[in-house]
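Read the structure below first, then the notes.
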Amino acid sequence: MTDRITIDKKQSKAYQQTRPIGIGKAHCMAPSTSLYFSRNGSITACCYNRKYELGRYPEQLPTEVWSARRLTQLRQTFDSGRLVSGCEGCAEQIEAGNIENTLAKNFDRYAEFSIAQLPLRLLKAGLRGAPVLWNQLKVEGRRVKYSPNAALSVSHLPKLLEFELSNTCNLECAMCFGDFSSSIRRNREKLPPFPEVYDARFVADINTFLPHIWEAKFYGGEPFLIPVYYEIWDNIRTYNPKARIHITSNGTILNQKVKSVLNDLNIQLILSIDAFEPETYEAIRKNADFERVMAHLKYFDQVQKEKNKTLTISICPTVLNAHEIPAMVDRCNQNEWHLYFNTVWWPEELSLRKLPRKWLDELIVQYRKAAQKATNTTSINHIRLLGLINQLISWRDAQTET
22 MTDRITIDKK QSKAYQQTRP IGIGKAHCMA PSTSLYFSRN GSITACCYNR KYELGRYPEQ
82 LPTEVWSARR LTQLRQTFDS GRLVSGCEGC AEQIEAGNIE NTLAKNFDRY AEFSIAQLPL
142 RLLKAGLRGA PVLWNQLKVE GRRVKYSPNA ALSVSHLPKL LEFELSNTCN LECAMCFGDF
202 SSSIRRNREK LPPFPEVYDA RFVADINTFL PHIWEAKFYG GEPFLIPVYY EIWDNIRTYN
262 PKARIHITSN GTILNQKVKS VLNDLNIQLI LSIDAFEPET YEAIRKNADF ERVMAHLKYF
322 DQVQKEKNKT LTISICPTVL NAHEIPAMVD RCNQNEWHLY FNTVWWPEEL SLRKLPRKWL
382 DELIVQYRKA AQKATNTTSI NHIRLLGLIN QLISWRDAQT ET
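For the sequence shown, the numbering used here begins at 22 and goes up steadily by one.
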């Protein structure tokens with residue numbers, strides 16, 4: 022396996038200190054826990070690394086890919102503490118100290134350890150302090166909470182399935198591309214639609230995995246406009262209705278079919294909302310109506326709270342909304358919403374990494390002031406804002422010109 026990536030030892034150690042005891046040398050658990058299905062049929066371990074393809078549907082079935090030699094080799098490379106070509110995004114975030122916004126860290130929740138070593142793991146966690154012990158207990162408890170059978174033995178089937186099966190979308194967001202929006206591909210790029218690759222054979226094959234998964238994630242396009250997703254959701258109702266289902270939506274679609282999905286399944290909803298100011302929002306989320314989306318947001322939030330869940334607001338910081346980030350953090354804290362910052366590298370004209378040093382300095386000062394506020398601060402939001410600040414500092418310091 023070529024093009025292996027290394028991470029600065031100091032930053033790697035800082036990153037590893039935030040992770041569960043027993044996780045080993047791997048910087049990412051994706052190859053051991055996850056399969057990601059891309060719009061063009063490509064099957065990978067996660068949505069960031071699209072270079073290291075494990076297989077492709079319909080030439081290979083998901084069940085064949087999971088047991089193939091190529092995935093075994095990737096696991097072995099990761100277990101040795103290395104990364105591969107395509108993992109540059111997470112490596113850059115780790116080295117920037119943007120740990121809580123690093124995609125790789127999201128896969129830690131699927132770590133599953135031998136019961137025999139449980140006392141030793143808890144002892145090591147306890148020696149690091151109460152917060153570390155508490156986080157370790159949550160990790161150990163996920164097997165009971167999410168595993169369908171709460172088995173004592175470690176499962177060797179995927180615990181996470183990620184679906185990005187279609188680019189069908191009604192919006193033309195400023196930082197998006199035709200690969201992820203059928204509207205952009207048609208209207209902005211003037212290209213023909215992509216073929217829909219996934220069919221009944223694919224749906225039937227993944228039924229093998231559904232009884233064993235802990236979670237499934239659905240992206241788009243806009244998930245609530247993609248018909249094959251409703252077929253998969255129906256099967257999850259049958260095989261594993263308690264599985265945690267993440268749906269990342271733009272918030273524009275709310276009808277009876279959507280309400281049934283939200284009511285019948287264990288849904289964790291993530292709304293992509295890049296501004297709470299109407300003009301900024303509609304400049305970024307072209308074709309969306311701000312007032313309508315805000316009305317939908319109120320409904321989505323109510324449904325999540327009724328199920329004792331926390332709504333997550335996903336934000337793409339760009340040059341269009343950069344100065345509104347502190348206000349968005351306040352809004353999320355006041356409503357007890359979790360937030361997540363996507364890292365925008367492209368298009369370059371919208372990415373914060375291309376701003377002059379002076380402008381980055383101004384944003385860093387603004388964001389630090391927001392982070393210092395003591396009231397209405399949700400801990401995860403505070404940590405993720407600090408991660409964003411670290412990312413901006415890294416981009417600023419990487420510039421050679423003043």
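Think of the CB as a built atom: it goes at the ideal place given N, C-alpha and C, for glycine as much as any other residue.
I need the boundaries of the alpha helix (DSSP H) containing I414, first residue and last residue.
S400 to A419
With a threshold of 8 Å on Cβ separation, who are the neighbours of P347 within its own chain once the five nearest residues in sequence on each side are excluded? Q387, Y388, K390 and A391
Subject >> Cβ neighbours of E369 in the same chain (closer than 6 Å, five flanking residues each side left out) >> reply: K375
inquiry  = Check this for me: beta carbons of A125 and C49, under 8 Å apart or not?
reply    = yes
* To do: Less than 8 Å between the CB atoms is what I'm expecting for L56 and P179, so what's the real figure, rounded?
  => 5 Å
Practice task
Given a cut-off of 8 Å, decide if A195 and L341 are closer than it, judged by their beta-carbon atoms.
Solution key: yes
(message) Rounded to whole angstroms, what is the Cα-Cα separation between D226 and E85?
(response) 10 Å
Rounded C-alpha distance that separates E183 from K211: 29 Å
Spatially closest choice to R306 from R313, D295 and M315, by CA coordinates: D295
What runs of the alpha helix (DSSP H), each 4 residues or longer, lie entirely inside the segment 252 to 299? 277 to 285
Using only the alpha-carbon positions, how far apart do L21 and G150 sit? Lying outside 22 to 423, the shown extent of the chain, residue 21 is not represented and no answer is given.
Decide if V314 is buried, meaning its Cβ has at least 16 other Cβ atoms within 10 Å, or exposed. buried
With burial defined as no fewer than 16 other Cβ atoms inside 10 Å of the residue's Cβ, what is the status of E80: buried or exposed? exposed
Once the 5 residues before and after Y69 are set aside, which same chain residues still bring their CB inside 7 Å of it? G110, C111 and L124
Extract the residue ranges of the beta strand (DSSP E) inside the segment 344 to 404, only unbroken runs of 3 or more that lie entirely within it.
359 to 362
Is there at least one Cβ from chain C nearer than 8 Å to H403's Cβ?
Protein chains in the displayed structure number just one, and chain C is not present.
* W367, buried or exposed, once every other Cβ within 10 Å from all chains shown has been counted against 16 -> exposed
Review point. Alpha carbon to alpha carbon, how far is Y251 from W380?
Key: 45 Å
With respect to the alpha helix (DSSP H) encompassing E161, which residues constitute its N-terminal and C-terminal limits? A151 to Y167
Problem set entry | Sequence-distant residues of its chain with Cβ nearer than 6 Å to S372 (five each side left out) | V365 and W366
### Query
Is it buried or exposed for H317, if we count other Cβ within 10 angstroms and need 16 for buried?
buried
Considering only heavy atoms of the ligand FAD, does any lie closer than 7 Å to the CB of I234? Among the components modelled here there is no ligand, and therefore nothing to report on the ligand FAD.
Do F311 and E303 come within 8 Å of each other at the CB atom, strictly closer than that value? yes
Buried or exposed for I136, please, with buried defined as at least 16 other CB atoms from any protein chain shown within 10 angstroms of its CB.
exposed
- request: Within its chain, find whatever has a CB closer than 8 Å to the CB of L154; leave out the 5 residues flanking it on each side and keep chain order.
  value: L143, A146 and G147
If you drop the 5 nearest sequence neighbours on each side, which residues of the same chain put their C-beta closer than 7 Å to that of Q420?
R378
Taking all protein chains shown into account, decide if R164 is buried (16 or more other Cβ within 10 angstroms of its Cβ) or exposed. buried
Margin query: Along the chain, where does the beta strand (DSSP E) containing A237 start, and where does it finish?
Written below: E236 to F239
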